[in-house]
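Engineer: Numbering (our numbering), first residue to last: 1 to 263. C-beta atoms are modelled at their ideal positions from N, C-alpha and C, and glycine is treated no differently. There's a structure below that I have some questions on.
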């Protein structure tokens, strides 16, 4: 389908992350893969968490020794908490999506979405904070969404989870500040990822229109910038929030929505 595309210019490596350990969830593809590679390029040792073992293997091979694979289903909440132990940087990115009207939304899927996208981040933060507090430094970056700030029809579970993640992030910011820990959200619009590609198909079925019309009339209808966000753009925002020039930024939500929420 015809979409405007942008190739973000490469930027110099962010200083200040050498020797830091970063945990990134949903790391096998999309935003998580981009964040893993960006933080590794900045000097961090990256623990890449995902249930997609094949995708993790590809990431590790591509990263040439700077990324460690950590295969995990985040619905195992105890294991999720253990996975974050020792992290200096935590990027909560993993997500799932189903587009259905509330009356047709399967309750078990609603529960799974909230487990993966809200309860697991809570457990990961819980696992990471003691070490961060002990070292007097930490960076939590939660990959939220424009849907953490506003709502759209047919996405009850996703919107509920992202709104909850925004709140969790702010609480972590308030509690973490005396210990040198910041907590922020990055809230992009539609990012060019497999998750969004699947949404296009689901939205087409929900609205009874073609995938091309979903992109132009649904996904990008309220955005001033008429293109998808690239995963590398999100990764640059994450790297900035983990770097040395962002220590006064906490409890914030950085919108990357092409002007959607400017309405």
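1. Check residue 138 in the structure and name its three-state DSSP category.
2. For the segment 161 to 196, which segments carrying the beta strand (DSSP E) assignment without a break, of at least 3 residues, lie completely within its bounds, in sequence order?
3. Return the chain-ordered list of same chain residues with a C-beta closer than 6 Å to the C-beta of residue 252, the five sequence neighbours on each side being excluded.
4. Which same chain residues end up closer than 6 Å to residue 142 when comparing Cβ atoms and leaving out the 5 residues on each side of it in sequence?
5. Using DSSP bridges, identify the partner residues of residue 92.
6. Return the CA-CA distance between residue 263 and residue 159, expressed in angstroms with no decimal places.
7. Could you give the distance in angstroms between the alpha-carbon of residue 63 and the alpha-carbon of residue 139?
8. Among the residues of its own chain, which have a CB less than 7 Å from the CB of residue 258, if the five just before and after it don't count?
9. Might you give, ordered along the chain, the residues of its own chain that have their beta carbon closer than 6 Å to the beta carbon of residue 145, omitting 5 neighbours on each side?
10. Here's a check: name, in chain order, each residue in its chain whose Cβ is nearer than 7 Å to the Cβ of residue 136, leaving out the five neighbours to either side.
11. Among all the DSSP beta bridges, which residues are the ones paired with residue 254?
12. Whole angstroms is fine: what's the gap from residue 115's alpha carbon to residue 232's?
13. Taking only the alpha-carbon atoms, compute the straight-line gap between residue 86 and residue 128 and give it to the nearest angstrom.
14. DSSP has residue 46 in a bridge; who is on the other side?
15. Below 7 Å CB to CB, which residues in the same chain sit around residue 18 once its five sequence neighbours on both sides are set aside?
16. Going by DSSP in three states, residue 113 sits in which element: helix, strand or coil?
17. Considering only their Cβ atoms, is the gap separating residue 67 from residue 60 smaller than 8 Å?
18. Per DSSP, what kind of secondary structure is residue 100 in: helix, strand or coil?
19. Could you pull out every residue in the same chain whose Cβ sits closer than 7 Å to the Cβ of residue 57, ignoring the five residues on either side in sequence?
Structural biologist: Looking at the atomic coordinates:
1. Within the chain shown, the letter at position 138 stands for residue 138. Strand, per DSSP.
2. Those beta strand (DSSP E) runs which fall completely within the segment 161 to 196 and span 3+ residues are 181 to 188.
3. On the chain shown, position 252 is the one that residue 252 refers to. Around residue 252, the same chain offers 184 as residues with beta carbons nearer than 6 Å, after the five sequence neighbours per side are excluded.
4. Taking the first residue of the chain shown as 1, we reach residue 142 at position 142. The answer, listed in chain order, is 92, 165, 169 and 185.
5. Translated into positions along the chain shown, residue 92 becomes position 92. The partner list for residue 92 (beta bridge, DSSP) reads 142.
6. Taking the chain shown and counting its residues from 1, one reaches residue 263 at position 263. Taking the chain shown and counting its residues from 1, one reaches residue 159 at position 159. For residue 263 and residue 159, the distance between alpha carbons rounds to 19 Å.
7. Residue 63 sits at position 63 when you count from the first residue of the chain shown. Residue 139 sits at position 139 when you count from the first residue of the chain shown. Residue 63 and residue 139: Cα-Cα distance of roughly 22 Å.
8. Against the chain shown, residue 258 aligns to sequence position 258. Same-chain partners within the cutoff: 189, 223, 224 and 225.
9. As a position in the chain shown, residue 145 is number 145, starting the count at 1. Hits under 6 Å: 162 and 187.
10. Against the chain shown, residue 136 aligns to sequence position 136. Excluding residues within five positions, the ones whose Cβ falls inside 7 Å are 179 and 180.
11. Mapped onto the chain shown, residue 254 falls at position 254. Answer by DSSP bridge pairing, in chain order: 186.
12. To locate residue 115, count along the chain shown from 1; it is residue 115. To locate residue 232, count along the chain shown from 1; it is residue 232. Their Cα atoms are separated by approximately 27 Å.
13. Along the chain shown, one-based indexing puts residue 86 at 86. Along the chain shown, one-based indexing puts residue 128 at 128. Taking the straight line joining both Cα atoms gives about 6 Å.
14. Taking the first residue of the chain shown as position 1, residue 46 is located at position 46. DSSP output for residue 46 lists 22 and 67 as bridge partner(s).
15. Working through the chain shown from its first residue, we reach residue 18 at position 18. 43, listed in sequence order.
16. Residue numbering aside, residue 113 sits at position 113 when the chain shown is read from its first letter. In the structure shown, residue 113 sits in a helix (DSSP, three-state: H, G or I).
17. What you label residue 60 is simply residue 60 of the chain shown in a count that begins at 1. What you label residue 67 is simply residue 67 of the chain shown in a count that begins at 1. Against a cut-off of 8 Å, the Cβ pair of residue 67 and residue 60 comes out as a contact.
18. Mapped onto the chain shown, residue 100 falls at position 100. Residue 100 falls in the coil class under three-state DSSP.
19. Counted from its first residue, the chain shown places residue 57 at position 57. Same-chain partners within the cutoff: 69.
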